[in-house]
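S.K.: Mind having a look at this structure? Questions to follow.
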Amino acid sequence: MKRYLPIFLTLSFLIPNLLRAELKLPAIIADHMVLQQKQENPIWGWDTPGTEVTVTFGDQVKKAKAGDDGKWTVKLDPVDASADPATLKVDGSSSRVIKDVLVGEVWMCSGQSNMGWTVAGDWKWQVESLASNHPNLRLITVPRVGTQELQNDFNGKWEAATPETVKSFSAVGFFYGRYLHEILGVPVGLINNAWGGSAAEAWVKRDSIESDERFRSLVENWERREAQLQTEEAKVQHEKALDAWRKKYEEAKEAGKPLPRRPSSPEQLLGGNSRPGNIYAGMVHPTKGYGMKGVIWYQGESNASRAYEYSHLFPFMIEQWRKEWGQGDFPFYWVQLADYRSESDVPGDSQWAELRESQTKTLSLPNTGQAVIIDIGEGNDIHPKNKYDVAARLVRWALEKDYGIPNIVAQSPTFREMTIDGNKATLTFDHVSSGLRTVDVNEVRGFAICGEDQKWVWADAKITGKDSIEVWSDEVAAPVAVRYAWADNPVCNVFSKDGLPMTPFRTDDFPMTTKPK
Numbered sequence: 087m088k089r090y091l092p093i094f095l096t097l098s099f100l101i102p103n104l105l106r107a108e109l110k111l112p113a114i115i116a117d118h119m120v121l122q123q124k125q126e127n128p129i130w131g132w133d134t135p136g137t138e139v140t141v142t143f144g145d146q147v148k149k150a151k152a153g154d155d156g157k158w159t160v161k162l163d164p165v166d167a168s169a170d171p172a173t174l175k176v177d178g179s180s181s182r183v184i185k186d187v188l189v190g191e192v193w194m195c196s197g198q199s200n201m202g203w204t205v206a207g208d209w210k211w212q213v214e215s216l217a218s219n220h221p222n223l224r225l226i227t228v229p230r231v232g233t234q235e236l237q238n239d240f241n242g243k244w245e246a247a248t249p250e251t252v253k254s255f256s257a258v259g260f261f262y263g264r265y266l267h268e269i270l271g272v273p274v275g276l277i278n279n280a281w282g283g284s285a286a287e288a289w290v291k292r293d294s295i296e297s298d299e300r301f302r303s304l305v306e307n308w309e310r311r312e313a314q315l316q317t318e319e320a321k322v323q324h325e326k327a328l329d330a331w332r333k334k335y336e337e338a339k340e341a342g343k344p345l346p347r348r349p350s351s352p353e354q355l356l357g358g359n360s361r362p363g364n365i366y367a368g369m370v371h372p373t374k375g376y377g378m379k380g381v382i383w384y385q386g387e388s389n390a391s392r393a394y395e396y397s398h399l400f401p402f403m404i405e406q407w408r409k410e411w412g413q414g415d416f417p418f419y420w421v422q423l424a425d426y427r428s429e430s431d432v433p434g435d436s437q438w439a440e441l442r443e444s445q446t447k448t449l450s451l452p453n454t455g456q457a458v459i460i461d462i463g464e465g466n467d468i469h470p471k472n473k474y475d476v477a478a479r480l481v482r483w484a485l486e487k488d489y490g491i492p493n494i495v496a497q498s499p500t501f502r503e504m505t506i507d508g509n510k511a512t513l514t515f516d517h518v519s520s521g522l523r524t525v526d527v528n529e530v531r532g533f534a535i536c537g538e539d540q541k542w543v544w545a546d547a548k549i550t551g552k553d554s555i556e557v558w559s560d561e562v563a564a565p566v567a568v569r570y571a572w573a574d575n576p577v578c579n580v581f582s583k584d585g586l587p588m589t590p591f592r593t594d595d596f597p598m599t600t601k602p603k
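Offset between the sequence shown (1-based) and the numbering used here: plus 86.
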């Protein structure tokens with residue numbers, strides 16, 4: 087298949103010019119970097135083929151030889167966290183000294199716009215940025231590059247967290263990292279590579295997704311689209327769309343109305359954030375192998391209409407990243423989709439609810455965790471502005487599972503089983519900790535129930551024990567299934583007494599509306 091390389095990429099992102107005797111290091115290995123404590127840390131770069139390269143860090147001296155492609159790699163031995171600035175020296179055909187190197191905890195912050203949403207976009211951005219002068223909390227952002235060609239480097243640099251640098255950084259990522267920095271008392275490095283509107287398939291290596299039959303339809307659809315976008319007809323159609331847009335733009339401008347969005351060109355679509363493999367090649371691959379503790383993830387909105395497929399695609403992506411990193415099953419924690427759109431008067435189906443279910447199913451993978459935020463969204467905005475509480479729920483997983491902080495509860499209550507007696511269903515739950523409670527009002531809200539006819543009605547419910555809720559409706563004499571918070575923007579109010587909202591769920595196995603026909 088012909089691969090398209092966006093014209094804005096330059097040869098500086100490719101393998102360095104090996105005709106010159108020049109040592110080159112990637113942007114992620116540079117001044118102010120943070121190394122992951124207590125594990126091996128790969129250090130790599132490029133030089134003239136055959137050149138012996140020596141890397142010195144403290145009392146460690148590691149040697150490697152540049153291969154035929156010029157690349158060399160060494161692995162530093164594990165060291166403990168340290169806030170004392172150190173130097174890392176690399177000697178090859180020339181020498182480089184990396185200054186102000188710290189050792190602590192490194193996390194990657196990935197996903198679409200809700201992960202990319204900056205500190206400056208948070209409700210509390212003014213006080214949060216002013217309070218964010220942390221010289222040992224380091225940030226680096228990977229520019230948005232979509233391509234089919236595997237990139238080896240990017241334009242970016244490590245910076246200390248200051249009131250100015252944090253404003254443009256991922257809010258969820260920054261608040262998450264700041265929690266860790268302040269609670270653990272060690273340096274923290276954050277790698278931000280989020281891209282708004284991105285689809286999950288763009289984050290997976292292209293040949294990996296092509297080789298899995300579960301995604302054959304997805305790949306074939308894109309192959310047809312790629313072929314069409316590279317035709318003369320596509321260029322002609324784009325020019326027509328541009329002409330129509332210019333007319334509407336001027337009309338809207340004159341009338342003081344919202345301006346229409348400029349139509350994307352075939353080149354932009356081919357180099358965009360939905361094409362399978364694009365983000366992996368352009369943004370993930372340049373950082374592949376860098377020593378890190380784990381990943382936090384906030385994405386799914388762009389895949390909601392294909393929620394059934396996401397139940398396979400999302401865990402597949404996690405497994406592929408772990409395979410590519412060669413660092414075992416590193417922690418991978420994500421944010422479940424928030425509540426969004428209008429509240430529904432009638433219970434029924436929901437693509438967003440199905441996407442949330444697919445996210446929850448992914449907890450079957452080891453070392454994963456999900457932050458439920460069904461109470462934090464905004465019905466009229468797909469980008470809820472409260473990212474602080476999102477990060478607070480995410481970081482619970484790391485504190486409990488990775489850092490052994492006592493008395494931390496990370497997981498929201500989850501459905502365990504249902505029993506039916508007459509017209510009442512009794513539901514029991516796991517991860518309730520000290521028990522269940524309602525928030526805002528005493529009445530339990532958010533449950534729907536149905537009989538064999540699969541016609542859903544709102545249900546009455548009451549908490550009957552530490553881990554149990556009774557559900558019924560006078561309209562359903564013989565219930566067969568119950569759903570909770572099953573809507574784009576559900577009205578629901580059951581929490582654990584630790585302040586974590588119950589995970590949306592369904593007891594039925596009725597066909598998903600997003601399952602391909």
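Glycine included, every Cβ here is placed at the ideal spot set by N, Cα and C.
Just so you know, these numbers come straight off a predicted model, no measurement behind them.
Quick one: what does DSSP say P171 is sitting in, helix, strand or coil?
M.R.: Residue state, collapsed to three classes: strand.
S.K.: Compare the Cα-Cα distances from V228 to each of Q234, G242, E235, A217 and report the closest residue.
M.R.: The option with the nearest alpha carbon to V228 is G242.
S.K.: Could you tell me whether the segment 466 to 486 touches the segment 571 to 583, where touching means 3 or more Cβ pairs closer than 8 Å?
M.R.: Verdict: no, contact absent.
S.K.: Going straight from the alpha carbon of D117 to that of I184, what length do you get?
M.R.: Whole-angstrom Cα-Cα distance: 5 Å.
S.K.: According to DSSP, is R311 part of a helix, a strand, or is it coil?
M.R.: R311 falls in the helix class under three-state DSSP.
S.K.: How many Å lie between G551 and F255 at the Cα?
M.R.: Going by the C-alpha atoms only, they are around 44 Å apart.
S.K.: Quick check on the burial criterion: 16 or more other C-beta atoms within 10 angstroms. Buried or exposed for Q605?
M.R.: Here the chain has residues from 87 to 603 only, and residue 605 is not among them.
S.K.: Which residues in the same chain as T251 place their Cβ atom closer than 7 Å to its Cβ, once the five residues preceding and following it in sequence are excluded?
M.R.: These residues qualify, in order along the chain: L225, E245.
S.K.: Name the DSSP bridge partner or partners of I535?
M.R.: DSSP output for I535 lists V543, V568 as bridge partner(s).
S.K.: Between the alpha carbons of T500 and E443, how many angstroms are there, rounded?
M.R.: Approximately 11 Å, taken between the alpha carbons.
S.K.: Can you give the beta carbon distance from G156 to D177, rounded, assuming they're within the 8 Å contact cut?
M.R.: That pair is no contact at about 16 Å.
S.K.: Could you tell me the boundaries of the alpha helix (DSSP H) in which F402 lies?
M.R.: Unbroken alpha helix (DSSP H) run through F402: 393 to 411.
S.K.: Using CA atoms only, rank isn't needed, just tell me which of T593, D594, V577 is closest to P587.
M.R.: Minimum Cα distance to P587 is reached at V577.
S.K.: Taking V231 as the reference, which of G357, D163, T446, L441 has the closest Cα?
M.R.: When only C-alpha atoms are compared, the closest one is G357.
S.K.: Using a Cβ-Cβ cut-off of 6 Å (strictly less than) and excluding sequence neighbours within five positions of K603, which residues of its own chain qualify?
M.R.: Within the same chain, K603 has no close Cβ partners at all.
S.K.: Could you tell me which residues DSSP pairs with Q146 in its beta bridges?
M.R.: In DSSP, Q146 forms a bridge with F143.
S.K.: Does the pairing of the segment 384 to 396 with the segment 310 to 319 give three or more beta-carbon distances under 8 Å?
M.R.: Contact between the segment 384 to 396 and the segment 310 to 319 is absent, because fewer than three Cβ pairs lie under 8 Å.
S.K.: To the nearest angstrom, report how far apart G532 and Y366 are at their CA atoms.
M.R.: When rounded, the distance between both Cα atoms is 38 Å.
S.K.: Given that a residue counts as buried once 16 or more other Cβ atoms are within 10 Å of its Cβ, and exposed if not, what is E337?
M.R.: Result: exposed.
S.K.: Along the chain, where does the alpha helix (DSSP H) that runs through P352 open and close?
M.R.: 352 to 356 is the span of the alpha helix (DSSP H), which, as asked, contains P352.
S.K.: With a threshold of 6 Å on Cβ separation, who are the neighbours of I93 within its own chain once the five nearest residues in sequence on each side are excluded?
M.R.: At I93 the pLDDT is 38, less than 50, meaning the model places this residue with poor confidence and gives no usable figure here.
S.K.: Which same chain residues, not among the five before or five after F301, have their C-beta less than 6 Å away from its C-beta?
M.R.: For F301, where only same-chain residues beyond five positions count, the Cβ hits under 6 Å are I295.
S.K.: Spell out a yes or no on whether the segment 337 to 356 and the segment 265 to 278 are touching, meaning 3 or more CB-CB pairs, one atom from each, closer than 8 Å.
M.R.: Verdict: no, contact absent.
S.K.: For K110, count neighbouring Cβ atoms within 10 angstroms of its own Cβ and tell me buried if that reaches 16, exposed if not.
M.R.: By the 10 Å Cβ count, K110 comes out buried.
S.K.: Ignore the nearest five residues each way along the sequence and tell me which others in A78's own chain have a CB closer than 6 Å to its CB.
M.R.: Absent from the structure is residue 78, since the part of the chain shown begins at 87 and ends at 603.
S.K.: Ordered along the chain, which non-local residues of its own chain (more than five positions away) have a Cβ less than 7 Å from that of V481?
M.R.: Y262, Y265, L266, listed in sequence order.
S.K.: In the DSSP assignment, the beta strand (DSSP E) including N200 goes from what residue to what residue?
M.R.: Note, N200: premise wrong, no beta strand (DSSP E); alpha helix (DSSP H) at 199 to 202.
S.K.: Does the segment 126 to 144 come within contact of the segment 157 to 169, defined as at least 3 CB pairs closer than 8 Å?
M.R.: Yes, they touch.
S.K.: First and last residue of the alpha helix (DSSP H) that includes D475?
M.R.: Taken as a continuous stretch (DSSP letters only), the alpha helix (DSSP H) holding D475 covers 474 to 483.
S.K.: What does the alpha-carbon distance come out to for the pair F416 and L162?
M.R.: Cα to Cα, F416 sits roughly 19 Å from L162.
S.K.: How about A286 and L451: are their beta carbons less than 7 Å apart?
M.R.: The answer is no: Cβ separation not under 7 Å.
S.K.: Give the list of continuous beta strand (DSSP E) stretches no shorter than 3 residues that lie fully inside the segment 188 to 238.
M.R.: Runs found: 220 to 227.
S.K.: Cutting at 7 Å between CB atoms, please list the residues of its own chain near Q125, excluding the five before and the five after it.
M.R.: Contacts found: P164, G377.
S.K.: Distance check for L441 and K510, CA to CA, integer angstroms please.
M.R.: If I take the Cα positions, the gap works out to 28 Å.
S.K.: Would you report the Cα separation of S428 and S215, rounded to the nearest angstrom?
M.R.: C-alpha separation (whole angstroms): 32 Å.
S.K.: Measuring CB to CB, does G463 end up less than 7 Å from D435?
M.R.: No; because the gap between Cβ atoms is not below 7 Å, this pair is not in contact.
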